[in-house]
Amino acid sequence: MLCSICGINWGDEGKGRMVDMLSSDYDVVVRYQGGNNAGHTVINEKGRFILNLLPSGILRGDVVNVMGPGMVIDIMHLVGEIGRLRDAGIEITPENLKISDKAIVVMPYNITQDILEEERLSKATGKPYGSTRRGIAPIYADKYMKKALRMGELKNPERMYARLKDIVTWKNLTITAYGSEAVKASDMEAYLKEYGEPLKDFVCDTGAYLDAAAKEGKDILFEAQLGALRDIDYGIVPYTSSSSTIAAYAPIGAGVPNLKLDKSIGIMKAYSSCVGEGPFTCEYFGEKAEKLRELGGEYGAATGRPRRVGPFDAVASRYGVRCQGADEVALTKLDVLDAYDEIEVVDKYVLDGVEIDDFPFTDVLDECEPHVITVKGWKKDISACRKKEDLPKEALDYIALIEKLTGCRVRYVSVGAERDACVRMY
Numbered sequence: 250m251l252c253s254i255c256g257i258n259w260g261d262e263g264k265g266r267m268v269d270m271l272s273s274d275y276d277v278v279v280r281y282q283g284g285n286n287a288g289h290t291v292i293n294e295k296g297r298f299i300l301n302l303l304p305s306g307i308l309r310g311d312v313v314n315v316m317g318p319g320m321v322i323d324i325m326h327l328v329g330e331i332g333r334l335r336d337a338g339i340e341i342t343p344e345n346l347k348i349s350d351k352a353i354v355v356m357p358y359n360i361t362q363d364i365l366e367e368e369r370l371s372k373a374t375g376k377p378y379g380s381t382r383r384g385i386a387p388i389y390a391d392k393y394m395k396k397a398l399r400m401g402e403l404k405n406p407e408r409m410y411a412r413l414k415d416i417v418t419w420k421n422l423t424i425t426a427y428g429s430e431a432v433k434a435s436d437m438e439a440y441l442k443e444y445g446e447p448l449k450d451f452v453c454d455t456g457a458y459l460d461a462a463a464k465e466g467k468d469i470l471f472e473a474q475l476g477a478l479r480d481i482d483y484g485i486v487p488y489t490s491s492s493s494t495i496a497a498y499a500p501i502g503a504g505v506p507n508l509k510l511d512k513s514i515g516i517m518k519a520y521s522s523c524v525g526e527g528p529f530t531c532e533y534f535g536e537k538a539e540k541l542r543e544l545g546g547e548y549g550a551a552t553g554r555p556r557r558v559g560p561f562d563a564v565a566s567r568y569g570v571r572c573q574g575a576d577e578v579a580l581t582k583l584d585v586l587d588a589y590d591e592i593e594v595v596d597k598y599v600l601d602g603v604e605i606d607d608f609p610f611t612d613v614l615d616e617c618e619p620h621v622i623t624v625k626g627w628k629k630d631i632s633a634c635r636k637k638e639d640l641p642k643e644a645l646d647y648i649a650l651i652e653k654l655t656g657c658r659v660r661y662v663s664v665g666a667e668r669d670a671c672v673r674m675y
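Just so we're aligned, residue 250 is where the sequence shown starts under our numbering, counting upward by one.
What follows is the structure, encoded as structure tokens:
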């Protein structure tokens with residue numbers, strides 16, 4: 250079985266907790282894109298963990314975890330993340346963590362460039378992209394300009410440092426144009442030595458490993474970062490990430506483009522949340538937003554930024570289900586809605602006075618208004634529910650409505666952050 254766990258919306262849907270739960274059924278978990286610009290929060294019997302780079306299967310000792318060539322890796326952050334998990338008693342070795350030799354290294358000058366551009370946009374236009382300032386857009390740009398270092402080069406330092414000098418000369422043309430101090434190649438070389446050396450033993454040809462694993466009949470779970478609306482091609486450009494968050498990209502970003510997925514599981518919240526800038530048609534403001542944000546603990550796992558929140562957006566979710574080719578859905582944080590007498594749902598958008606069902610092109614999203622319907626809440630604590638029969642009728646009705654509006658069956662419903670706080674609907 251080759252299965253992808255992917256985000257249906259703007260990211261932060263709860264993919265990490267679902268990967269942690271479902272990984273017991275898989276031999277290998279693979280992160281196939283993105284960097285440390287988003288986080289997966291996982292709570293289980295071992296504690297509470299925030300994972301920015303490591304696959305969420307790392308918390309299971311019998312699962313092999315792979316960081317694919319589609320990823321961009323901040324090696325200083327990764328060394329720190331591994332260290333924190335080891336301090337918490339999590340074993341991490343080259344046997345259970347494999348890093349693609351083709352994955353890209355995020356350098357300090359990428360982070361500098363990201364920060365400089367966000368500050369320029371803020372001052373010049375008042376409309377920054379809402380970047381996490383972790384160098385993601387600049388490093389993906391470097392990748393496609395063929396001016397990035399790859400993890401495999403850590404094993405051939407002389408060649409790597411020769412390339413580095415040429416890259417730094419080129420990069421300084423941009424850095425100094427912002428009025429910032431030029432980057433020193435010697436500093437970058439020291440950085441690679443300090444943080445690259447501890448990772449060298451983890452670096453390998455993950456494509457060959459995964460291909461062999463698939464031929465042996467092993468079950469592989471592909472883990473995405475962010476959601477469909479943050480995809481570089483299909484998202485709300487330019488307020489997106491710089492990589493493909495789509496399930497169809499999973500085998501490519503994992504290093505096995507010859508393989509095909511058997512299943513795509515989409516993850517979406519029982520309401521909507523969004524970190525960063527850009528159009529967010531269903532957004533709540535004022536007291537309504539504060540109430541939902543506090544009930545859901547809606548603060549970014551990677552950045553701590555307060556998330557924008559709103560009711561479930563069926564228009565955006567329908568589009569996300571289609572983009573992800575979702576065969577089934579996991580609905581997270583249903584318990585957050587326990588406190589509501591009535592629950593709002595955005596079932597359509599209104600554009601120029603006309604109701605629309607399809608998610609429109611980004612340019613007109615700001616002109617769309619939400620069309621809201623209201624359903625009865627259940628006003629009951631559902632956190633102890635573990636079977637479909639345990640859920641109140643109103644909760645089941647709400648799930649059925651979401652299935653109808655999105656055209657996709659809900660298989661899993663999370664009713665809490667813990668690993669076992671989940672109801673399997675069928």
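Ideal Cβ positions, reconstructed from N, Cα and C, are used throughout, including at glycine.
Excluding five sequence neighbours on each side, which residues of the same chain lie with their C-beta closer than 6 Å to the C-beta of residue i?
i, result
"Ile416", "Lys396"
"Pro304", "Val278, Arg280, Asn314, Glu472"
"Val312", "Ser272, Val278, Gly306"
"Gly236", "Here the chain comprises residues numbered 250 to 675, so residue 236 is not present and cannot be evaluated."
"Glu618", "Val599"
"Ser371", "Pro377"
Between the options, which lies nearest to residue i when the distance is taken from Cα to Cα?
i, options, result
"Val599", "Glu472, Cys531, Arg309", "Cys531"
"Met250", "Glu368, Arg335, Lys509, Pro377", "Lys509"
"Ala390", "Arg542, Tyr410, Val354", "Val354"
"Val668", "Gly256, Gly260, Val321, Leu271", "The identity of residue 668 in the sequence shown is Arg, whereas the question assumes Val. Among Gly256, Gly260, Val321, Leu271, the Cα nearest to that of Arg668 is on Leu271."
"Phe561", "Ala373, Ala287, Val594, Cys634", "Val594"
"Asp612", "Ala457, Ala439, Ile485, Glu643", "Ile485"
"Leu308", "Tyr275, Ala287, Thr418", "Tyr275"
"Trp419", "Phe298, Asn359, Ser490", "Asn359"
"Ile388", "Cys671, Arg408, Leu403, Pro357", "Pro357"
"Arg408", "Ile631, Leu441, Asp363, Lys628", "Leu441"
"Thr425", "Cys453, Ile501, Leu403, Thr361", "Thr361"
"Phe451", "Glu402, Tyr533, Lys628", "Glu402"
"Lys404", "Ile622, Cys453, Ala496", "Cys453"
"Ala666", "Glu547, Lys637, Leu640", "Glu547"
Taking the alpha helix (DSSP H) that residue i falls in, what are its first and last residues?
i, result
"Leu370", "357-373"
"Pro406", "406-424"
"Asp612", "611-614"
"Leu308", "Segment: none, Leu308 is in no alpha helix (DSSP H) and carries neither H nor E."
"Ile339", "Run containing Ile339: none; DSSP gives neither H nor E here."
"Leu459", "455-464"
"Lys540", "535-545"
"Ser435", "434-445"
"Lys597", "That residue, Lys597, is in no alpha helix (DSSP H); its beta strand (DSSP E) goes 591-600."
"Leu271", "264-271"
"Ile631", "Where Ile631 is concerned, there is no enclosing alpha helix (DSSP H), given that its DSSP letter is neither H nor E."
Note down, in chain order, each residue of its chain lying with its Cβ closer than 7 Å to the Cβ of residue i, except the 5 sequence neighbours on either side.
i, result
"Val659", "Val578, Leu580, Ile648, Ile651, Glu652, Met674"
"Ile324", "Val354, Tyr444, Gly445, Leu448"
"Ala386", "Asp363, Ser380, Ser491"
Kindly indicate the opening and closing residues of the beta strand (DSSP E) around residue i.
i, result
"Asp646", "Looking at the DSSP string, Asp646 is not in any beta strand (DSSP E); the run it does join, the alpha helix (DSSP H), is 642-655."
"Tyr661", "659-663"
"Leu470", "469-476"
"Glu618", "618-625"
"Lys582", "Unbroken run through Lys582: none, as it is neither H nor E."
"Met517", "512-518"
"Val486", "Counting along the chain, Val486 falls outside any beta strand (DSSP E), and DSSP gives it neither H nor E."
"Lys347", "346-349"
Are the beta-carbon atoms belonging to residue i and residue j less than 7 Å from one another?
i, j, result
"Arg479", "Val524", "no"
"Met394", "Ala352", "no"
"Ala538", "Tyr281", "no"
"Lys414", "Ala431", "no"
"Glu526", "Tyr488", "yes"
"Ser349", "Thr455", "yes"
"Lys597", "His620", "yes"
"Cys634", "Val672", "yes"
"Ala670", "Val662", "no"
"Val564", "Ile592", "no"
"Gly626", "Asp590", "yes"
"Lys582", "Gly545", "yes"
"Glu438", "Tyr410", "yes"
"Gly288", "Ala337", "no"
Among the residues of its own chain, which have a CB less than 8 Å from the CB of residue i, if the five just before and after it don't count?
i, result
"Leu302", "Arg280, Gly284, Asn285, Met316, Met320, Ile322, Asp323, His326, Leu327, Glu330"
"Phe529", "Trp259, Ser521, Cys523, Arg557, Gly559"
"Glu340", "Gly310"
"Ala463", "Leu251, Ile469, Val505, Leu508"
"Glu616", "Leu600, Asp601"
Could you say if the region 363-377 and the region 340-351 meet the contact criterion of at least three C-beta pairs nearer than 8 Å?
no
Below 8 Å, can you find three or more Cβ-Cβ pairs linking the region 629-649 to the region 586-599?
yes
So, do the region 361-374 and the region 471-478 have three or more beta carbon pairs nearer to each other than 8 Å?
no
Touch test, the region 560-573 against the region 603-612, Cβ-Cβ under 8 Å, three pairs minimum
yes
If we count Cβ pairs, one from each stretch, closer than 8 Å, do we get three or more for the region 511-526 versus the region 255-265?
yes
Indicate whether the contact test is met: 3 or more Cβ pairs, each with one atom in the region 287-294 and one in the region 262-278, closer than 8 Å.
yes
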